[in-house]
(Lines of atoms letter the chains of each structure in order from A; the text may use other names.)
(Lines give C-alpha, C1' and ligand atoms only; values in the text may rest on other atoms or scores of the structure.)
Protein backbone atom coordinates (compact mmCIF):
# COMPACT_ATOMS: atom_id res chain seq x y z
CA UNK A 2 0.00 0.00 0.00
CA UNK A 3 1.46 3.32 -0.98
CA UNK A 4 1.06 6.87 0.16
CA UNK A 5 -0.43 9.32 -2.34
CA UNK A 6 0.07 13.00 -1.59
CA UNK A 7 -0.33 16.26 -3.45
CA UNK A 8 2.32 18.93 -3.12
CA UNK A 9 2.97 22.18 -4.97
CA UNK A 10 6.41 23.36 -6.08
CA UNK A 11 8.37 24.46 -3.03
CA UNK A 12 6.43 22.20 -0.68
CA UNK A 13 7.98 19.16 0.95
CA UNK A 14 7.03 15.85 2.48
CA UNK A 15 8.90 14.37 5.44
CA UNK A 16 9.10 10.59 5.54
CA UNK A 17 10.38 8.63 8.51
CA UNK A 18 10.41 8.63 12.28
CA UNK A 19 10.47 12.14 13.80
CA UNK A 20 12.78 10.79 16.53
CA UNK A 21 14.93 8.88 14.07
CA UNK A 22 15.81 9.05 10.40
CA UNK A 23 14.00 11.57 8.21
CA UNK A 24 13.94 11.75 4.43
CA UNK A 25 12.64 15.01 2.96
CA UNK A 26 11.18 15.02 -0.54
CA UNK A 27 10.72 18.54 -1.94
CA UNK A 28 8.92 19.42 -5.17
CA UNK A 29 11.23 21.75 -7.11
CA UNK A 30 9.08 22.24 -10.19
CA UNK A 31 6.31 20.61 -12.15
CA UNK A 32 5.20 20.99 -15.76
CA UNK A 33 4.07 18.91 -18.72
CA UNK A 34 7.57 17.47 -19.05
CA UNK A 35 7.53 16.00 -15.55
CA UNK A 36 8.12 16.81 -11.93
CA UNK A 37 11.53 17.63 -10.46
CA UNK A 38 12.06 16.41 -6.91
CA UNK A 39 14.88 16.89 -4.44
CA UNK A 40 15.46 14.06 -1.95
CA UNK A 41 17.38 14.89 1.23
CA UNK A 42 18.38 11.76 3.11
CA UNK A 43 21.11 10.93 5.63
CA UNK A 44 24.25 9.78 3.84
CA UNK A 45 24.12 6.29 5.33
CA UNK A 46 20.61 5.64 3.97
CA UNK A 47 20.60 4.07 0.55
CA UNK A 48 18.50 6.04 -1.92
CA UNK A 49 17.71 4.19 -5.13
CA UNK A 50 18.25 6.76 -7.85
CA UNK A 51 17.00 4.91 -10.91
CA UNK A 52 13.94 6.46 -12.47
CA UNK A 53 10.83 4.37 -11.95
CA UNK A 54 9.72 5.08 -15.52
CA UNK A 55 12.95 3.45 -16.73
CA UNK A 56 12.29 0.37 -14.57
CA UNK A 57 8.75 0.15 -15.98
CA UNK A 58 10.07 0.51 -19.56
CA UNK A 59 12.51 -2.37 -18.98
CA UNK A 60 9.71 -4.53 -17.58
CA UNK A 61 11.33 -4.82 -14.15
CA UNK A 62 8.27 -3.39 -12.44
CA UNK A 63 4.79 -2.07 -13.07
CA UNK A 64 3.08 1.14 -11.97
CA UNK A 65 0.96 -0.92 -9.54
CA UNK A 66 4.12 -2.11 -7.78
CA UNK A 67 5.17 1.47 -7.14
CA UNK A 68 8.36 1.00 -9.10
CA UNK A 69 9.79 -1.51 -6.68
CA UNK A 70 9.17 -4.71 -8.55
CA UNK A 71 9.03 -8.05 -6.83
CA UNK A 72 11.83 -9.33 -4.66
CA UNK A 73 13.16 -12.53 -6.19
CA UNK A 74 14.64 -14.62 -3.37
CA UNK A 75 16.10 -17.20 -5.74
CA UNK A 76 17.89 -14.59 -7.88
CA UNK A 77 19.11 -12.79 -4.76
CA UNK A 78 20.40 -16.03 -3.23
CA UNK A 79 22.19 -16.98 -6.46
CA UNK A 80 23.90 -13.60 -6.54
CA UNK A 81 24.96 -13.95 -2.92
CA UNK A 82 26.13 -17.52 -3.46
CA UNK A 83 28.30 -16.57 -6.44
CA UNK A 84 29.81 -13.63 -4.58
CA UNK A 85 30.49 -15.69 -1.46
CA UNK A 86 32.13 -18.53 -3.38
CA UNK A 87 34.37 -16.08 -5.24
CA UNK A 88 35.18 -14.12 -2.09
CA UNK A 89 35.53 -16.86 0.56
CA UNK A 90 35.98 -20.01 -1.51
CA UNK A 91 34.12 -23.33 -1.54
CA UNK A 92 33.21 -25.57 1.37
CA UNK A 93 30.80 -25.45 4.26
CA UNK A 94 32.91 -22.94 6.26
CA UNK A 95 30.75 -23.70 9.31
CA UNK A 96 33.30 -22.60 11.91
CA UNK A 97 34.07 -19.38 10.04
CA UNK A 98 30.41 -18.52 9.57
CA UNK A 99 29.52 -19.30 13.19
CA UNK A 100 32.44 -17.15 14.37
CA UNK A 101 31.31 -14.27 12.16
CA UNK A 102 27.68 -14.66 13.29
CA UNK A 103 28.81 -14.50 16.93
CA UNK A 104 30.66 -11.24 16.19
CA UNK A 105 27.59 -9.81 14.48
CA UNK A 106 25.37 -10.82 17.41
CA UNK A 107 27.50 -8.62 19.65
CA UNK A 108 27.04 -5.74 17.19
CA UNK A 109 23.27 -6.31 17.17
CA UNK A 110 23.24 -6.20 20.98
CA UNK A 111 25.14 -2.90 20.84
CA UNK A 112 22.93 -1.41 18.09
CA UNK A 113 19.59 -3.26 18.15
CA UNK A 114 17.86 -0.69 15.92
CA UNK A 115 20.52 -0.82 13.20
CA UNK A 116 18.91 -2.74 10.33
CA UNK A 117 22.32 -3.18 8.72
CA UNK A 118 23.50 -5.31 11.65
CA UNK A 119 20.41 -7.50 11.43
CA UNK A 120 20.93 -7.77 7.66
CA UNK A 121 24.50 -8.95 8.30
CA UNK A 122 23.09 -11.82 10.38
CA UNK A 123 20.60 -12.77 7.68
CA UNK A 124 23.27 -12.69 4.96
CA UNK A 125 25.64 -14.85 7.00
CA UNK A 126 22.86 -17.33 7.80
CA UNK A 127 21.89 -17.38 4.11
CA UNK A 128 25.51 -18.08 3.18
CA UNK A 129 25.53 -21.03 5.57
CA UNK A 130 22.20 -22.28 4.24
CA UNK A 131 23.38 -22.00 0.63
CA UNK A 132 26.56 -23.90 1.48
CA UNK A 133 24.49 -26.55 3.29
CA UNK A 134 21.91 -27.07 0.53
CA UNK A 135 24.13 -26.33 -2.45
CA UNK A 136 21.58 -24.30 -4.38
CA UNK A 137 19.39 -21.23 -4.12
CA UNK A 138 16.30 -23.27 -4.96
CA UNK A 139 16.92 -25.78 -2.17
CA UNK A 140 17.76 -22.98 0.26
CA UNK A 141 14.44 -21.26 -0.54
CA UNK A 142 12.63 -24.58 -0.07
CA UNK A 143 14.35 -25.13 3.29
CA UNK A 144 13.26 -21.65 4.43
CA UNK A 145 9.68 -22.24 3.33
CA UNK A 146 9.53 -25.72 4.86
CA UNK A 147 10.91 -24.50 8.20
CA UNK A 148 8.49 -21.56 8.29
CA UNK A 149 5.63 -23.99 7.65
CA UNK A 150 6.80 -26.17 10.56
CA UNK A 151 6.99 -23.15 12.87
CA UNK A 152 3.51 -22.02 11.84
CA UNK A 153 2.09 -25.43 12.74
CA UNK A 154 3.77 -25.55 16.15
CA UNK A 155 2.16 -24.43 19.39
CA UNK A 156 3.81 -21.47 21.09
CA UNK A 157 3.35 -20.07 24.60
CA UNK A 158 1.48 -16.80 25.04
CA UNK A 159 4.19 -14.17 24.67
CA UNK A 160 2.57 -12.12 27.45
CA UNK A 161 3.32 -14.88 29.98
CA UNK A 162 7.01 -15.47 29.29
CA UNK A 163 10.28 -13.71 30.07
CA UNK A 164 10.72 -11.36 27.08
CA UNK A 165 14.50 -11.32 27.55
CA UNK A 166 14.76 -15.08 26.93
CA UNK A 167 14.14 -17.17 23.84
CA UNK A 168 10.53 -18.21 23.39
CA UNK A 169 10.60 -21.86 22.40
CA UNK A 170 7.73 -23.79 20.92
CA UNK A 171 5.72 -26.07 23.18
CA UNK A 172 7.17 -29.56 23.02
CA UNK A 173 4.98 -31.99 21.17
CA UNK A 174 4.16 -35.22 22.98
CA UNK A 175 6.18 -38.13 21.71
CA UNK A 176 4.24 -40.45 19.47
CA UNK A 177 2.80 -43.34 21.41
CA UNK A 178 4.19 -46.66 20.38
CA UNK A 179 1.50 -49.24 19.80
CA UNK A 180 2.71 -52.55 21.15
CA UNK A 181 -0.31 -54.47 19.99
CA UNK A 182 0.13 -58.19 20.14
CA UNK A 183 -0.38 -59.98 16.89
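Numbering (the working numbering), first residue to last: 2 to 183. Note that the Cβ used here is the ideal one computed from N, Cα and C, for glycine as well.
Does the Cβ of residue 128 have 16 or more other Cβ atoms within 10 Å, making it buried, or fewer, making it exposed? buried
Inter-stretch contact at 8 Å, needing at least 3 Cβ pairs: the region 111 to 119 / the region 91 to 98: no
Quick one: what's residue 41 bridged to in DSSP? 25
Given that a residue counts as buried once 16 or more other Cβ atoms are within 10 Å of its Cβ, and exposed if not, what is residue 111? exposed
Kindly confirm or deny that the region 129 to 147 and the region 73 to 81 touch, where touching means at least three C-beta pairs closer than 8 Å. yes
Classify residue 165 as helix, strand or coil using the three-state DSSP reduction. coil
Residue 14 in three-state terms, based on DSSP: strand
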